[in-house]
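Here is the structure we will look at.
There are 4 protein chains.
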Amino acid sequence: MDKELIQKIVQFRNDRDWAKFHNPKDLAISLSIEAGELLECFQWSSSEESLELRREKIAEELADVLIYGCLLAEASGLDIEEIIQAKLDLNAAKYPVEKAFGRKDKYDRL
Amino acid sequence: MDKELIQKIVQFRNDRDWAKFHNPKDLAISLSIEAGELLECFQWSSSEESLELRREKIAEELADVLIYGCLLAEASGLDIEEIIQAKLDLNAAKYPVEKAFGRKDKYDRL
Amino acid sequence: MDKELIQKIVQFRNDRDWAKFHNPKDLAISLSIEAGELLECFQWSSSEESLELRREKIAEELADVLIYGCLLAEASGLDIEEIIQAKLDLNAAKYPVEKAFGRKDKYDRL
Amino acid sequence: MDKELIQKIVQFRNDRDWAKFHNPKDLAISLSIEAGELLECFQWSSSEESLELRREKIAEELADVLIYGCLLAEASGLDIEEIIQAKLDLNAAKYPVEKAFGRKDKYDRL
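Residue numbers (my numbering), protein chains in the order written: chain U, 1 to 110; chain R, 111 to 220; chain C, 221 to 330; chain Y, 331 to 440.
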């Protein structure tokens, strides 16, 4: 999401005077709700079947998750690019290529 | 997330030969798991208290959600900027400013 | 869960003076968090592999979900046996055997 | 849930030939989805407001969570009464009354 799109998300909220509802805790709750709706697209089905039957819904629910993610970052004073880069650096240390290659084990089992 | 950061996320996965685990269904599962870990930062606390005590963890868990969101988009052939813009357009129709201003009701109750 | 076990769960809470934290909203948040931890037992694995490797953790996380479910029912004045029976009756109407037999479709697609 | 109610839940599933869909992983997914729908009852509202406006829906979604919890226990060969008692014993050790009384801290911070 570039800065322009994040700005559109924030503007959408401000146009509707919704910032008063969008405190971080209620935004984290909303993100979890949407994550469940996204997961529902894959209920009882394989990945292939889900993508074939419910591709549009997957796109909508994933967008909802990302929009709430943006709003939560904004309400918490976090920069999305910074926190993702920081987490990738942390993950690189927890999952060095030579140990983690081709393995799905959690880092404490490498 | 600009194209460069998305590329880093995908490269991180490829360096570790993890694409074989990252089918859309298991990615949606992982996104839901991380959404729960993000929500845990706010358990039993107000937004203010949570931000004060667990700001770094909030950043890490939110980054995890966004990273899995990126990987799910990539595995499903979805463009993040496009799906967010499409959802904002859909939301604008469901929540016109004149009806939704200052109201938290769901669209079918406006 | 028979009435005696529900009583033990409530007593555990009262012994620790935790009722003041256990309002329905924060209990629903906690139940969602535990549902994510339960789901994590199945991350990247099949059902069989998960049961083989993480059976004890599955038991613990499922217990956590059910304990929070109990506390939420108690805090909301709901009777667990009643609400389950009511939902089974509702589901029987939405998924009549002659239409739903062997099918995983949602009720609005039967 | 007494043994009779659990039996009704299992019978409902067998009457519709649904056991083939109800493997533990997909049941854990379903439980998480319902936990999100339960949490949605409390979105943007306080506990009081949510109970007042959406009491029936809270009962239905909580019932859904508990029904899937039952089915997951059955599919995994777990006894609900046993696993809850075991978790209460574990929690009693992690949160002794003298340390945990009136405190919401996680056990590793007591």
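Glycine is no exception: its CB is placed at the ideal position from the N, C-alpha and C atoms.
Curious, which full-length alpha helix (DSSP H) runs of at least 4 residues does the segment 342-392 of chain Y contain?
354-370
Inter-stretch contact (C-beta, 8 angstroms, three-pair minimum) for the segment 359-373 of chain Y and the segment 240-250 of chain C:
yes
Does the Cβ of alanine 393 (chain Y) have 16 or more other Cβ atoms within 10 Å, making it buried, or fewer, making it exposed?
Looking at its Cβ environment, which holds 16 or more other Cβ atoms inside 10 Å, alanine 393 (chain Y) is buried.
Pairing CB atoms from the segment 164-179 of chain R with CB atoms from the segment 64-82 of chain U, are three or more of them under 8 angstroms?
yes
With a threshold of 9 angstroms between beta carbons, is glycine 179 (chain R) in contact with chain C?
Chain C, which has no Cβ nearer than 9 angstroms to the Cβ of glycine 179 (chain R), makes this no.
Reducing DSSP to helix, strand and coil, say where leucine 188 (chain R) ends up.
coil
Go ahead and label glycine 432 (chain Y) buried or exposed: buried means 16 or more other beta carbons lie within 10 angstroms of its beta carbon, across all protein chains shown.
exposed
Length of the line joining the Cα atoms of aspartate 438 (chain Y) and leucine 115 (chain R):
In a straight line, the C-alpha of aspartate 438 (chain Y) is about 36 angstroms away from that of leucine 115 (chain R).
Do we get a CB-CB distance below 9 angstroms when we pair glutamate 382 (chain Y) with the residues of chain C?
no
Closer than 9 angstroms to chain C by CB, serine 142 (chain R)
True, the Cβ-Cβ gap to chain C drops below 9 angstroms.
Anything in the segment 317-330 of chain C with a Cβ closer than 8 angstroms to a Cβ of chain U? List those residues in chain order, please.
Lys324
If you run the structure through DSSP and keep just helix, strand and coil, what is leucine 110 (chain U)?
coil
DSSP three-state assignment for lysine 104 (chain U), whether helix, strand or coil:
coil
Residue closest to glutamate 48 (chain U), alpha-carbon to alpha-carbon, out of R:Gly187, R:Lys214, R:Val120 and R:Leu200
Of R:Gly187, R:Lys214, R:Val120 and R:Leu200, the residue nearest in Cα terms is R:Gly187.
Between isoleucine 229 (chain C) and leucine 440 (chain Y), how many whole angstroms is the CB-CB distance? I'm expecting something under 8 angstroms.
About 20 angstroms; that fails the 8 angstroms criterion.
Residues that isoleucine 119 (chain R) contacts on chain C, provided the C-beta gap is smaller than 8 angstroms:
Near isoleucine 119 (chain R) there are no residues of chain C at all, since even the closest Cβ is about 18 angstroms away, more than 8 angstroms.
For chain R, find out if any of its Cβ atoms is closer than 9 angstroms to the Cβ of alanine 255 (chain C); answer yes or no.
yes
For a contact meaning CB atoms closer than 8 angstroms, what does isoleucine 168 (chain R) contact in chain Y?
The premise fails here: isoleucine 168 (chain R) is roughly 16 angstroms from chain Y at the closest Cβ pair, so nothing lies under 8 angstroms.
Under 8 angstroms Cβ-Cβ, which residues of chain A neighbour alanine 73 (chain U)?
Protein chains in the displayed structure are U, R, C and Y, and chain A is not among them.
At a CB distance below 7 angstroms, what residues from the segment 259-271 of chain C approach chain R? Give them in sequence order.
So the close ones are Leu259, Glu260, Gln263 and Trp264.
In chain C, which residues lie less than 9 angstroms from isoleucine 139 (chain R) when you measure between Cβ atoms?
Leu259, Glu260, Phe262, Gln263 and Trp264
Does the beta-carbon of glutamate 412 (chain Y) have 16 or more other beta-carbons within 10 angstroms, so that it is buried, or is it exposed?
That one is exposed.
Of all Cβ atoms in chain U, is any one closer than 9 angstroms to the Cβ of alanine 196 (chain R)?
yes
Closest by C-alpha distance to tyrosine 398 (chain Y), when choosing among Y:Ala365, Y:Lys434 and Y:Asp435
Y:Ala365
Beta-carbon proximity list for leucine 273 (chain C), same chain, < 8 angstroms, skipping 5 on both sides
Ser265
With a CB to CB cut of under 6 angstroms and the five nearest residues on each side skipped, what residues in its chain are close to isoleucine 388 (chain Y)?
Cys371
Mind reading off the beta-carbon distance from leucine 66 (chain U) to isoleucine 194 (chain R)? Whole number of angstroms is fine, and I expect it under 8 angstroms.
The C-beta distance from leucine 66 (chain U) to isoleucine 194 (chain R) rounds to 6 angstroms, short enough to meet the 8 angstroms contact threshold.
If you count every other CB in all the chains shown that lies within 10 Å of the CB of alanine 100 (chain U), and 16 or more means buried, which is it?
buried
Is DSSP giving tyrosine 398 (chain Y) helix, strand or coil here?
helix
Tell me, please, whether the CB atom of alanine 203 (chain R) is closer than 9 angstroms to any CB atom in chain U?
no
Check whether chain U comes within 9 angstroms of phenylalanine 351 (chain Y), counting only Cβ atoms and requiring the distance to be less than that.
yes
Check the Cβ of aspartate 15 (chain U) against every Cβ in chain R and list those closer than 7 angstroms, keeping chain order.
Correct list: Val207.
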